[in-house]
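What follows is one structure encoded as structure tokens, with my remarks underneath.
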Amino acid sequence: MTEPEFTRHYWSGVTLVSDWRPGSPLLWQDAPDAEARDLGQRVLAAEPYHRLSYSWHGVPPEHAAHFGWSDEELAARLGERRSKVTFDLEPHGDTVRLTVTHDDFSPEGEMHRAISGQLDGGGGWPELLASLKTLLETGEPLPEPVPAAPGRLTTAGGGGSRGC
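If you count the sequence shown from 1, position 93 lands on 631 in my numbering, and the numbers rise without skipping.
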């Protein structure tokens, strides 16, 4: 989950870059030839094979265009506090259980809705974790979603709705 080449496969082409030490930045690289961006995320805990936790980014301006937010809506969302995501790994019989906890949101904030896949355009943790699960089981992530109709997504292969 921390290797840049692996994260690119299930994070829809985004590479997560860090040395994974508590306090270190977690950078986002949107394309292999793009410069890694610091969105203000910091590693909070890193216990290999047990726990990884980091602060979650605020709302980047490109989200406004993606979700169709007005300048006023973007300004309101930029005031939300940073949340926290934690990945816990634990033995589960012959396999490993992954638990993802994303918490500490601003009350009534839009980030919770965004990471839950509740905004138009879908996505969020449900889609990302489904892609990770598929990658681990088959060696290939889910296909990138393509817009089908307002408020609905389909897979590139036409596999039906992927809204959450």
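Ideal Cβ positions, reconstructed from N, Cα and C, are used throughout, including at glycine.
The alpha-carbon of Lys-671 is positioned some 15 Å away from that of Asp-626.
In the three-state scheme derived from DSSP, where H, G and I count as helix and E and B as strand, Thr-639 is classed as strand. Fully enclosed alpha helix (DSSP H) runs of no fewer than 4 residues occupy 600-605 of the segment 576-608, in order along the chain. According to DSSP, Asp-626 shares a beta bridge with Arg-589 and Thr-637. When the five nearest sequence neighbours on each side are left out, the beta carbons in the same chain lying within less than 7 Å of the beta carbon of Trp-566 are those of Val-552, Leu-554, Ala-574, Arg-575 and Leu-577, in order along the chain. The C-alpha of Ser-654 is placed about 9 Å away from the C-alpha of Glu-665. At least 7 Å separates the beta-carbon of Trp-594 from that of Arg-635. Residue burial is scored here from C-beta neighbours: Ser-608 has fewer than 16 other C-beta atoms within 10 angstroms and is therefore classed as exposed.
When the five nearest sequence neighbours on each side are left out, no beta carbon in the same chain lies closer than 7 Å to the beta carbon of Ala-572. Straight through space, the alpha carbons of Tyr-548 and Asp-568 are spaced by roughly 13 Å. In the structure shown, the three-state DSSP call for Leu-565 is strand. Shown here, Leu-554 sits in a strand according to DSSP, grouped into three states.
By the criterion of a C-beta distance shorter than 6 Å, Ser-644 is surrounded in its chain by Glu-618 and Arg-619, once the five residues flanking it on both sides are discounted. One thing to note: Leu-612 has its Cβ no nearer than 7 Å to the Cβ of Ala-603. For Pro-664, the enclosing alpha helix (DSSP H) has its first and last residue at 662-676.
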